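Quick mapping for you: the protein sequence lines, in order, are chains A and B. For the first sequence, the positions run 96 to 496 when my numbering is used. For the second sequence, the positions run 23 to 216 when my numbering is used. From the three backbone atoms N, C-alpha and C, an ideal C-beta is built for every residue, glycine too. In this text the structure is predicted, and so the values were computed from the model without any measurement. Here's the structure, in structure tokens; my notes come after.
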Amino acid sequence: MIKPVYPKGKLVAKTGNEVMAEAMRQIEPDVVAAYPITPATEIVQIFSQFVADGIVKSEYVAVESEHSAMSATIAASAAGARAMTGTASQGLSLMWEMLYIASGLRLPIVMAEVNRAISAPINIHGDQSDTMGARDSGWIQIYSENSQEAYDNMIQAVRIAEAAKLPTMVTTDGFIISHCMEVVETYPDEDVKKFIGEYKPERYLLDTKHPYTLGSIDLQDYYFEHRYQLAEAMRHSKDIISEVAKDFEKTFGRKYDMYEKYMMDDAEIAIVVIGSTAGTAKVVIKELREKGIKAGLIKIRVYRPFPAEMIAKDLAKVKAIAVMDRSDSCSGSYAPVYSDITAALFAAGIFTPKVVNYVYGLGGREINTEHIAAIYDKLAKIASGAEKPFTGIEYVNVRIK
Amino acid sequence: MSAKMIEVRWHGRGGQGAKTAALLFAEAVMATGKYIQAFPEYGPERMGAPVQSFNRVSDDPISIHSGITNPQYVVILDPSLMDCVDVTAGIGKTGKVIVNSMLSAEEIAKQLMVDKSQICVVNASHIALETIGKNIPNTPMLGALVKVIGTLDINEVLEDTKKKLQVKFRHKPEVIEGNLASIKRAYDEVKTHA
Numbered sequence: 096m097i098k099p100v101y102p103k104g105k106l107v108a109k110t111g112n113e114v115m116a117e118a119m120r121q122i123e124p125d126v127v128a129a130y131p132i133t134p135a136t137e138i139v140q141i142f143s144q145f146v147a148d149g150i151v152k153s154e155y156v157a158v159e160s161e162h163s164a165m166s167a168t169i170a171a172s173a174a175g176a177r178a179m180t181g182t183a184s185q186g187l188s189l190m191w192e193m194l195y196i197a198s199g200l201r202l203p204i205v206m207a208e209v210n211r212a213i214s215a216p217i218n219i220h221g222d223q224s225d226t227m228g229a230r231d232s233g234w235i236q237i238y239s240e241n242s243q244e245a246y247d248n249m250i251q252a253v254r255i256a257e258a259a260k261l262p263t264m265v266t267t268d269g270f271i272i273s274h275c276m277e278v279v280e281t282y283p284d285e286d287v288k289k290f291i292g293e294y295k296p297e298r299y300l301l302d303t304k305h306p307y308t309l310g311s312i313d314l315q316d317y318y319f320e321h322r323y324q325l326a327e328a329m330r331h332s333k334d335i336i337s338e339v340a341k342d343f344e345k346t347f348g349r350k351y352d353m354y355e356k357y358m359m360d361d362a363e364i365a366i367v368v369i370g371s372t373a374g375t376a377k378v379v380i381k382e383l384r385e386k387g388i389k390a391g392l393i394k395i396r397v398y399r400p401f402p403a404e405m406i407a408k409d410l411a412k413v414k415a416i417a418v419m420d421r422s423d424s425c426s427g428s429y430a431p432v433y434s435d436i437t438a439a440l441f442a443a444g445i446f447t448p449k450v451v452n453y454v455y456g457l458g459g460r461e462i463n464t465e466h467i468a469a470i471y472d473k474l475a476k477i478a479s480g481a482e483k484p485f486t487g488i489e490y491v492n493v494r495i496k
Numbered sequence: 023m024s025a026k027m028i029e030v031r032w033h034g035r036g037g038q039g040a041k042t043a044a045l046l047f048a049e050a051v052m053a054t055g056k057y058i059q060a061f062p063e064y065g066p067e068r069m070g071a072p073v074q075s076f077n078r079v080s081d082d083p084i085s086i087h088s089g090i091t092n093p094q095y096v097v098i099l100d101p102s103l104m105d106c107v108d109v110t111a112g113i114g115k116t117g118k119v120i121v122n123s124m125l126s127a128e129e130i131a132k133q134l135m136v137d138k139s140q141i142c143v144v145n146a147s148h149i150a151l152e153t154i155g156k157n158i159p160n161t162p163m164l165g166a167l168v169k170v171i172g173t174l175d176i177n178e179v180l181e182d183t184k185k186k187l188q189v190k191f192r193h194k195p196e197v198i199e200g201n202l203a204s205i206k207r208a209y210d211e212v213k214t215h216a
């Protein structure tokens, strides 16, 4: 029998998009500016209905493009409002220059993002190419394995963004989570509102008694210092994210961290992955463990800031590691998560694990337990020395001539 | 996939409510205390085009997020799909197919080239016409599926569906009664070969 974790929690059947909209209703930001796009459309559609029905007091700005959506959100945030938006794929791409402005101005905007492939060829299905491309934009990135995490991450994101003074995006895998109905536990409105607290910006443009300049020209004299401060803020935000997670666990009972370790204590082979595929991998790990195979998983929840030192420590004793990327940066070398993991290991002086890179699931291509079991099988062979680790990228479930 | 997990595939045509049926089924099953998933297959969104939707049901939390390729249960809302879609794909020798049809299980088994024991038949369109007044076979098929699975409580399913419909059709009580009656009748009338 299913039971809520939080005594006052309520179990509901909702899709990823529905729970993200539900979190936004409870957060009740001052302003939401958005332009709908598949597969994130429902998030802002449902939220705009809340506004139209008078359920929330938020101001909803229906803009004419995602560039304008991000611009209006930035303006609202700079004016002193708690501001949010939602998008996916091409929409995020169109926001590009404004993403960097949101972080450069240190505005705590929260965005609900649904991971979808990038054109061309046109494809509406789930992969992480869109947000992986925004990994250097100065936004905190929190990825969700399922709808429950999407809901919990949205609530935590508000506190994280406002404490770190950094914009924060929370993502789900397009269709796989955004359109999948699952059991989700939601918390009472007043408890969510109490957890996120009232937004009290340190300074804001509509505070006419304390005028200040925002977004002015910044040349050789100060630009570098401001960019250094942004990079420092990203580094410091790791502590903020961990503190918010601890308070969230204390309040609502669900434990979160920068990443999740699953069966890692004695793991000899491990997969590192982001998003919904982690859940599918857990099923494979349970089966392997029953056979006595010491398989484990690291699921990255917070990719920016990247928890390099911690992850390196947790991977130090693993013999063979597969880093699974749901995007291909077309770099001519390796995909993004692999590059970060190997850099983390190298910087920590850890050279013993054999680390291989898989790219999977582009454009929503199926990734199932059989594919993942085959990866663990390969890792076991690499760990025992029966096979040499391959270099380059191995592509999962793709037809290659 | 754990041995206890139930996987279902729904076949319908765009506009027939295959997605809605999977969502309704999942919500009703959750009310009986189980973990659920419901998700559609997104393809061409055209009226009449073949569409699929899926369910998982389990006593334990469901972490798997891949597609369903070996369902134990297949529900066919529109019998004409049997001519153009591989509706028995992945069901093996034990999977059950529940068809909205006036034909007999023998005739359908012959057409689908599976054993007669795998076929369950209910004339859901007829039931829908008599109870709801329209050919909307998705709600009655939900009742037939509950019966064929066998481990779910039909009364709890009816109770939850009633609550959902009461919210949606506050001003049309006859719609609620009709839908509930259709679920119950399909539950009683579906022919299974034990």
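Taking only the alpha-carbon atoms, compute the straight-line gap between residue i and residue j and give it to the nearest angstrom.
i: residue 144(B); j: residue 81(B); result: 28 Å
i: residue 131(B); j: residue 183(B); result: 32 Å
i: residue 478(A); j: residue 470(A); result: 12 Å
i: residue 23(B); j: residue 91(B); result: Below a pLDDT of 50, predicted positions are generally treated as unreliable, and residue 23(B), at 47, falls in that range; the measurement from the model is reported next regardless. Those two C-alpha atoms are separated by around 11 Å.
i: residue 111(B); j: residue 172(A); result: 52 Å
i: residue 176(A); j: residue 104(B); result: 56 Å
i: residue 99(A); j: residue 181(A); result: 28 Å
i: residue 198(B); j: residue 186(B); result: 9 Å
i: residue 285(A); j: residue 291(A); result: 10 Å
i: residue 451(A); j: residue 157(B); result: 55 Å
i: residue 492(A); j: residue 466(A); result: 7 Å
i: residue 204(B); j: residue 139(A); result: 35 Å
i: residue 317(A); j: residue 424(A); result: 32 Å
i: residue 162(A); j: residue 191(A); result: 8 Å
i: residue 386(A); j: residue 85(B); result: 20 Å
i: residue 323(A); j: residue 439(A); result: 21 Å
i: residue 488(A); j: residue 426(A); result: 11 Å
i: residue 235(A); j: residue 262(A); result: 6 Å
i: residue 429(A); j: residue 447(A); result: 19 Å
i: residue 43(B); j: residue 72(B); result: 15 Å
i: residue 294(A); j: residue 58(B); result: 37 Å
i: residue 40(B); j: residue 33(B); result: 7 Å
i: residue 224(A); j: residue 433(A); result: 14 Å
Which partner residues does residue i have in the DSSP bridge list?
i: residue 453(A); result: 419(A) and 489(A)
i: residue 391(A); result: 365(A)
i: residue 399(A); result: 236(A)
i: residue 60(B); result: 276(A) and 77(B)
i: residue 232(B); result: Because chain B spans 23 through 216 in this model, residue 232(B) falls outside it and cannot be assessed.
i: residue 106(A); result: 280(A)
i: residue 482(A); result: DSSP lists no partner for residue 482(A).
i: residue 72(B); result: 35(B)
i: residue 95(B); result: 30(B) and 118(B)
i: residue 206(A); result: 180(A) and 264(A)
i: residue 155(A); result: 127(A)
What whole-angstrom Cβ distance do residue i and residue j have, given they're in contact under 8 Å?
i: residue 260(A); j: residue 328(A); result: 6 Å
i: residue 110(A); j: residue 273(A); result: 7 Å
i: residue 381(A); j: residue 364(A); result: That belief does not hold up - the Cβ atoms of residue 381(A) and residue 364(A) are roughly 15 Å apart, past 8 Å.
i: residue 221(A); j: residue 271(A); result: 5 Å
i: residue 353(A); j: residue 336(A); result: 6 Å
i: residue 134(A); j: residue 207(A); result: Between residue 207(A) and residue 134(A) the Cβ distance is about 12 Å, and since that is not below 8 Å, they are no contact.
Determine the extent of the beta strand (DSSP E) in which residue i is found, giving its start and end residues.
i: residue 182(A); result: 178-183
i: residue 168(A); result: First-last for residue 168(A): 161-174, but that is the alpha helix (DSSP H), not the beta strand (DSSP E).
i: residue 264(A); result: 263-268
i: residue 471(A); result: Looking at the DSSP string, residue 471(A) is not in any beta strand (DSSP E); the run it does join, the alpha helix (DSSP H), is 464-479.
i: residue 146(B); result: Residue 146(B) -> not in any beta strand (DSSP E); alpha helix (DSSP H) instead, spanning 146-153.
i: residue 31(B); result: 28-35
i: residue 213(A); result: Looking at the DSSP string, residue 213(A) is not in any beta strand (DSSP E), and its letter there is neither H nor E.
i: residue 356(A); result: 354-357
i: residue 209(B); result: Segment 195-211 is the alpha helix (DSSP H) holding residue 209(B); no beta strand (DSSP E) there.
Determine the extent of the alpha helix (DSSP H) in which residue i is found, giving its start and end residues.
i: residue 160(B); result: 160-171
i: residue 318(A); result: 318-347
i: residue 41(B); result: 40-52
i: residue 224(B); result: No statement about residue 224(B) is possible, as the shown extent of chain B runs from 23 to 216 and does not include it.
i: residue 244(A); result: 242-259
i: residue 135(A); result: Segment: none, residue 135(A) is in no alpha helix (DSSP H) and carries neither H nor E.
Report the residues of the stretch 449-476 of chain A with a CB closer than 7 Å to any CB of chain B, ordered along the chain. 461, 462, 463 and 464
Listed from N- to C-terminal order along the chain, which residues in the stretch 260-276 of chain A have their beta-carbon within a distance smaller than 8 Å of any beta-carbon of chain B? 268, 270, 271, 272, 274, 275 and 276
Along the stretch 82-95 of chain B, where does the CB come closer than 9 Å to a CB of chain A? Name the residues. 83, 84, 85, 86, 87, 88, 89 and 91
Residues in the stretch 25-49 of chain B having any Cβ partner in chain A nearer than 9 Å: 44, 45, 48 and 49
Which of the residues in the stretch 373-389 of chain A, read from start to end, lie with their CB under 7 Å from any CB of chain B? 374, 375, 377 and 378
With 9 Å as the limit, tell me which residues of the stretch 109-126 of chain B have their beta carbon closer than that to any beta carbon of chain A; keep them in chain order. none
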